[in-house]
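Protein chains: 4
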Amino acid sequence: MQARSTVTVEAIYEATIQVLLAVGADRLTTTRVAERAGVSVGTLYQYFPNKQSLLLSALEKHVDRVASVVEVACRRNHGQQMSTMIESVVEAFVDAKMERSDISMALFATAVGAQERALVNKAAKRTHAAMASMLATAPNTKFDDLPFTSLMLFSAMGGATRAVLEAGSPPKMVRSLRKQLVLLCGGFLTSVAVEHRKLTHAGTEPRQ
Amino acid sequence: MQARSTVTVEAIYEATIQVLLAVGADRLTTTRVAERAGVSVGTLYQYFPNKQSLLLSALEKHVDRVASVVEVACRRNHGQQMSTMIESVVEAFVDAKMERSDISMALFATAVGAQERALVNKAAKRTHAAMASMLATAPNTKFDDLPFTSLMLFSAMGGATRAVLEAGSPPKMVRSLRKQLVLLCGGFLTSVAVEHRKLTHAGTEPRQ
Amino acid sequence: MQARSTVTVEAIYEATIQVLLAVGADRLTTTRVAERAGVSVGTLYQYFPNKQSLLLSALEKHVDRVASVVEVACRRNHGQQMSTMIESVVEAFVDAKMERSDISMALFATAVGAQERALVNKAAKRTHAAMASMLATAPNTKFDDLPFTSLMLFSAMGGATRAVLEAGSPPKMVRSLRKQLVLLCGGFLTSVAVEHRKLTHAGTEPRQ
Amino acid sequence: MQARSTVTVEAIYEATIQVLLAVGADRLTTTRVAERAGVSVGTLYQYFPNKQSLLLSALEKHVDRVASVVEVACRRNHGQQMSTMIESVVEAFVDAKMERSDISMALFATAVGAQERALVNKAAKRTHAAMASMLATAPNTKFDDLPFTSLMLFSAMGGATRAVLEAGSPPKMVRSLRKQLVLLCGGFLTSVAVEHRKLTHAGTEPRQ
DNA sequence: CATGAATGAGGTTTCATTCAT
DNA sequence: TATGAATGAAACCTCATTCAT
Numbered sequence: 000m001q002a003r004s005t006v007t008v009e010a011i012y013e014a015t016i017q018v019l020l021a022v023g024a025d026r027l028t029t030t031r032v033a034e035r036a037g038v039s040v041g042t043l044y045q046y047f048p049n050k051q052s053l054l055l056s057a058l059e060k061h062v063d064r065v066a067s068v069v070e071v072a073c074r075r076n077h078g079q080q081m082s083t084m085i086e087s088v089v090e091a092f093v094d095a096k097m098e099r100s101d102i103s104m105a106l107f108a109t110a111v112g113a114q115e116r117a118l119v120n121k122a123a124k125r126t127h128a129a130m131a132s133m134l135a136t137a138p139n140t141k142f143d144d145l146p147f148t149s150l151m152l153f154s155a156m157g158g159a160t161r162a163v164l165e166a167g168s169p170p171k172m173v174r175s176l177r178k179q180l181v182l183l184c185g186g187f188l189t190s191v192a193v194e195h196r197k198l199t200h201a202g203t204e205p206r207q
Numbered sequence: 000m001q002a003r004s005t006v007t008v009e010a011i012y013e014a015t016i017q018v019l020l021a022v023g024a025d026r027l028t029t030t031r032v033a034e035r036a037g038v039s040v041g042t043l044y045q046y047f048p049n050k051q052s053l054l055l056s057a058l059e060k061h062v063d064r065v066a067s068v069v070e071v072a073c074r075r076n077h078g079q080q081m082s083t084m085i086e087s088v089v090e091a092f093v094d095a096k097m098e099r100s101d102i103s104m105a106l107f108a109t110a111v112g113a114q115e116r117a118l119v120n121k122a123a124k125r126t127h128a129a130m131a132s133m134l135a136t137a138p139n140t141k142f143d144d145l146p147f148t149s150l151m152l153f154s155a156m157g158g159a160t161r162a163v164l165e166a167g168s169p170p171k172m173v174r175s176l177r178k179q180l181v182l183l184c185g186g187f188l189t190s191v192a193v194e195h196r197k198l199t200h201a202g203t204e205p206r207q
Numbered sequence: 000m001q002a003r004s005t006v007t008v009e010a011i012y013e014a015t016i017q018v019l020l021a022v023g024a025d026r027l028t029t030t031r032v033a034e035r036a037g038v039s040v041g042t043l044y045q046y047f048p049n050k051q052s053l054l055l056s057a058l059e060k061h062v063d064r065v066a067s068v069v070e071v072a073c074r075r076n077h078g079q080q081m082s083t084m085i086e087s088v089v090e091a092f093v094d095a096k097m098e099r100s101d102i103s104m105a106l107f108a109t110a111v112g113a114q115e116r117a118l119v120n121k122a123a124k125r126t127h128a129a130m131a132s133m134l135a136t137a138p139n140t141k142f143d144d145l146p147f148t149s150l151m152l153f154s155a156m157g158g159a160t161r162a163v164l165e166a167g168s169p170p171k172m173v174r175s176l177r178k179q180l181v182l183l184c185g186g187f188l189t190s191v192a193v194e195h196r197k198l199t200h201a202g203t204e205p206r207q
Numbered sequence: 000m001q002a003r004s005t006v007t008v009e010a011i012y013e014a015t016i017q018v019l020l021a022v023g024a025d026r027l028t029t030t031r032v033a034e035r036a037g038v039s040v041g042t043l044y045q046y047f048p049n050k051q052s053l054l055l056s057a058l059e060k061h062v063d064r065v066a067s068v069v070e071v072a073c074r075r076n077h078g079q080q081m082s083t084m085i086e087s088v089v090e091a092f093v094d095a096k097m098e099r100s101d102i103s104m105a106l107f108a109t110a111v112g113a114q115e116r117a118l119v120n121k122a123a124k125r126t127h128a129a130m131a132s133m134l135a136t137a138p139n140t141k142f143d144d145l146p147f148t149s150l151m152l153f154s155a156m157g158g159a160t161r162a163v164l165e166a167g168s169p170p171k172m173v174r175s176l177r178k179q180l181v182l183l184c185g186g187f188l189t190s191v192a193v194e195h196r197k198l199t200h201a202g203t204e205p206r207q
């Protein structure tokens with residue numbers, strides 16, 4: 000019976016995504032989700048106290064997955080050269096977003112309330128932390144404000160990725176995106192780090 | 000006569016924003032907007048055929064304003080040094096977004112449908128074009144793909160700004176934001192431009 | 000100024016018909032009628048106290064016209080042979096209905112209330128009376144209950160004509176209609192009259 | 000379960016008629032119907048997608064019933080003398096119309112749109128077909144164009160009946176109606192059939 | 001536990017009518 | 001007189017949620 004519940008809940012999650020993609024957030028109804036999941040509305044309400052909690056849970060699942068992917072990528076690159084770090088993280092990030100980009104967009108469209116944003120922020124914090132502790136292990140480099148730097152980095156990456164997705168994302172563009180993101184992040188980190196070094200050991204070390 | 004209508008429409012626009020801020024996009028109702036505007040629902044429907052068109056118009060007004068601010072900033076900096084360009088544009092962009100950041104967030108929360116995105120994209124295109132033609136006048140610098148570069152730049156800036164806004168944006172953070180955005184953009188443009196020169200006259204020109 | 004009013008009212012009547020035909024009775028609005036008439040709603044309300052009275056007047060105009068046509072045809076055939084009477088009246092009736100059959104149908108669709116029906120009934124009474132006094136002059140023929148006979152005759156003709164109109168009325172059908180209506184009316188009147196004669200002078204007069 | 004729905008739907012149908020009779024077609028609202036049926040509006044909309052479909056279904060039910068009554072009457076009189084045929088059909092028709100004449104009128108007042116007319120036409124076609132095949136079995140009689148003849152017959156009957164109904168139908172009138180309808184139909188059919196015989200065996204057969 | 005019929009508050013939209021200009 | 005912006009009651013319809021079976 001535990002198993003049956005799991006299956007049902009999983010079906011409801013999947014149905015939520017399906018309906019979101021099919022008809023959009025504003026025309027998503029609990030009945031439609033239940034239908035798609037092959038259960039009755041009553042059943043749906045046995046597992047989720049109300050519509051909001053359903054969407055919230057679905058969103059949570061998704062952002063957690065993306066956050067985990069990035070966390071793993073960060074952990075794997077502790078101690079590497081900064082250029083390697085950047086490439087790995089960009090790759091992980093773009094892959095995670097692109098893999099089911101439609102879901103990403105559909106779910107974020109539901110994330111308008113305070114609770115939803117809190118959820119997203121919490122996951123964001125996790126990735127920032129992961130990235131910060133990775134960057135802290137970069138050889139020969141120091142950063143002033145790693146948490147904020149991570150925020151900048153991810154939100155910039157997120158913004159650019161989102162823009163490309165919303166532009167219709169022709170494959171060629173997606174390919175460019177990765178390269179450009181590497182440049183974007185690399186440029187930024189270099190600037191920030193260089194600034195730091197300049198301030199500290201002004202002029203003594205030629206760049207790169 | 001004419002004057003009366005103008006006043007009414009303006010009041011409705013203002014009320015739309017007010018309600019959006021007060022109760023959020025999903026609990027905005029045409030009745031509430033009309034009430035806040037001090038007119039009857041019927042009047043609202045004399046100027047907007049339906050709820051969507053009301054929100055769409057409000058969004059359009061807003062994005063057009065932001066786009067215009069950026070366009071002006073770009074036009075004013077044709078021929079300047081790239082660092083000046085970047086600083087000016089970042090300043091204009093952040094100012095425009097921050098000035099009424101709450102509105103920005105509230106309105107974008109309504110921008111989930113295809114039409115809304117088209118609207119935003121159209122405005123984005125305008126800013127990209129303005130930025131591209133500005134960058135084309137930067138002395139001693141060339142770029143491979145100015146349109147895409149502009150897209151990257153703006154969407155990255157937009158993402159970062161949005162993230163800071165959504166994080167609650169303590170004043171200190173906002174101050175950092177500008178500085179970091181300058182670094183972000185500067186770093187990126189340098190990378191892109193450098194890449195270009197490297198490919199063209201590899202090794203012959205030491206980095207300035 | 001009297002003239003201007005007449006012109007305006009006439010334009011409103013015409014517009015009413017136009018709108019009725021264009022969008023149907025249920026989507027006819029006073030504003031639309033005013034627009035079509037080239038005046039403002041306010042002006043419309045200067046001549047008609049409310050929407051119902053507008054439709055009522057339009058209906059009245061129409062049924063009066065049809066009634067008059069029939070009345071004239073009846074008066075012209077006083078003293079004629081019955082077959083001539085029938086042919087003339089059928090011709091007048093079908094012509095009047097067909098000439099602007101669309102208007103007929105559109106207007107009758109508005110005739111659902113008690114007042115409207117009263118209007119139509121009043122006009123019907125007039126035609127019945129005209130027909131009755133014509134039939135009273137038919138040579139060698141007597142009828143028991145002329146008013147009711149007239150009612151039967153006209154309503155039967157009306158029903159058949161309407162059915163043909165609503166069936167889409169291919170021209171061939173319309174042509175048949177006249178011939179068949181003559182037979183219908185002729186047959187009926189013969190039966191009624193014959194019945195009468197039979198009862199009175201049973202068997203003595205062979206049928207013409 | 001199943002039973003509950005059936006009961007509900009039936010209650011809604013009944014309520015539709017009730018409201019139609021009580022307040023008229025134009026003031027019939029879905030809320031009023033639901034109230035009268037003892038259910039909530041939501042329930043009504045679970046069975047009928049919109050107001051029009053509700054009225055359409057009610058109309059369909061009604062015309063189907065009338066059509067069936069006539070069909071049965073026709074089938075029962077195959078091979079009978081024509082006079083018997085006529086009497087039986089007239090009786091069935093008038094009974095069906097009079098039995099719930101108020102409903103008839105109320106429902107037909109809603110039949111203004113194209114779909115409604117199509118519905119009525121379809122039912123009419125059925126009765127025409129039934130009558131045509133009955134008439135084809137009349138001994139010693141032939142008709143040129145049975146379909147059209149049936150159309151004429153029914154629409155004439157319908158028109159006359161309707162007129163009597165709308166005139167307020169004092170009982171005396173209703174009694175007359177039957178007799179007169181028999182004469183009307185009889186006269187018409189004789190004319191049509193006679194015409195035919197004249198054309199075929201001109202002059203050889205004295206009229207029965 | 002599952003079902004799905006029933007609920008009804010609440011949202012969007014229409015349109016006859018008024019009245020200040 | 002003419003105008004047309006404003007009104008607001010009232011209609012249609014949706015959908016999150018409940019509860020008897």
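In the order they appear, the protein sequences are chains A, B, C and D.
Oh and the first sequence: position 84 is 83 in numbering that gives the first Met the number 0, straight run, nothing missing.
Oh and the second sequence: position 30 is 29 in numbering that gives the first Met the number 0, straight run, nothing missing.
Oh and the third sequence: position 87 is 86 in numbering that gives the first Met the number 0, straight run, nothing missing.
Oh and the fourth sequence: position 137 is 136 in numbering that gives the first Met the number 0, straight run, nothing missing.
Quick reminder that beta carbons are idealized off the backbone N, C-alpha and C, glycines included.
Only a predicted model underlies this, so the values are computations on that prediction, with no experimental measurement involved.
Report the rounded CA-to-CA distance for residue i versus residue j, giving the unit in angstroms.
i: C/V163; j: C/M156; result: 11 angstroms
i: A/T148; j: A/D63; result: 21 angstroms
i: B/T189; j: A/F187; result: 10 angstroms
i: D/H195; j: D/L182; result: Bear in mind that a pLDDT of 47 at D/H195, under 50, signals an unreliable position, so the number given afterwards is only what the model happens to contain. In a straight line, the C-alpha of D/H195 is about 20 angstroms away from that of D/L182.
i: D/A110; j: C/A110; result: 12 angstroms
i: A/T203; j: A/S56; result: Bear in mind that a pLDDT of 45 at A/T203, under 50, signals an unreliable position, so the number given afterwards is only what the model happens to contain. Looking at the two C-alpha atoms, the distance is approximately 53 angstroms.
i: A/L180; j: A/K50; result: 37 angstroms
i: D/R26; j: C/V40; result: 24 angstroms
i: D/D101; j: A/A21; result: 48 angstroms
i: C/V88; j: D/A10; result: 48 angstroms
i: B/A33; j: B/V69; result: 32 angstroms
i: A/N139; j: B/N76; result: 37 angstroms
i: B/M81; j: B/C184; result: 10 angstroms
i: C/A159; j: D/A14; result: 33 angstroms
i: D/R174; j: D/E90; result: 11 angstroms
i: B/A129; j: A/F107; result: 29 angstroms
i: A/G78; j: A/G37; result: 49 angstroms
i: D/V59; j: C/K124; result: Before going further, note that residue 59 of chain D is Glu rather than Val in the sequence given. Those two C-alpha atoms are separated by around 33 angstroms.
i: A/S52; j: A/V65; result: 20 angstroms
Can you tell me where the alpha helix (DSSP H) with residue i in it begins and where it stops?
i: C/T28; result: Run containing C/T28: none; DSSP gives neither H nor E here.
i: B/V38; result: Note, B/V38: premise wrong, no alpha helix (DSSP H); not H, not E.
i: A/I51; result: Per the sequence presented here, residue 51 of chain A reads as Gln, with Ile not at that position. Looking at the DSSP string, the run of the alpha helix (DSSP H) that includes A/Q51 is K50 to R75.
Who are the neighbours of residue i on chain B, taking C-beta pairs under 8 angstroms?
i: A/R161; result: S154 and G158
Going along chain C, which residues have a C-beta under 7 angstroms from residue i?
i: D/T189; result: G186
Using a Cβ cut-off of 8 angstroms, pull out every chain D residue sitting near residue i, in sequence order please.
i: C/L183; result: M151, A155, L183, G186, F187 and S190
Under 8 angstroms between beta-carbons, which chain A residues line up against residue i? List them in chain order, please.
i: B/Q80; result: Here the premise fails: no neighbours, minimum Cβ distance about 17 angstroms.
i: B/S132; result: Per Cβ cutoff of 8 angstroms: no residues; B/S132 is ~20 angstroms from chain A at best.
i: B/A24; result: V111
i: B/N120; result: E165 and A166
Quick one: which chain C residues come within Cβ less than 8 angstroms of residue i?
i: D/S175; result: D144 and F147
Report the start-end ranges of each beta strand (DSSP E) in the segment 84 to 122 of chain A that is 3 residues or longer and not cut off at the edges.
none
Can you list the alpha helix (DSSP H) stretches of 4 or more residues lying completely in the segment 143 to 182 of chain D, in chain order?
145 to 165
Members of the segment 91 to 116 of chain C that neighbour chain D once the beta carbon cut-off is set at 8 angstroms:
Within the segment 91 to 116 of chain C, the residues whose Cβ lies closer than 8 angstroms to some Cβ of chain D are A108, V111, G112 and R116, listed in chain order.
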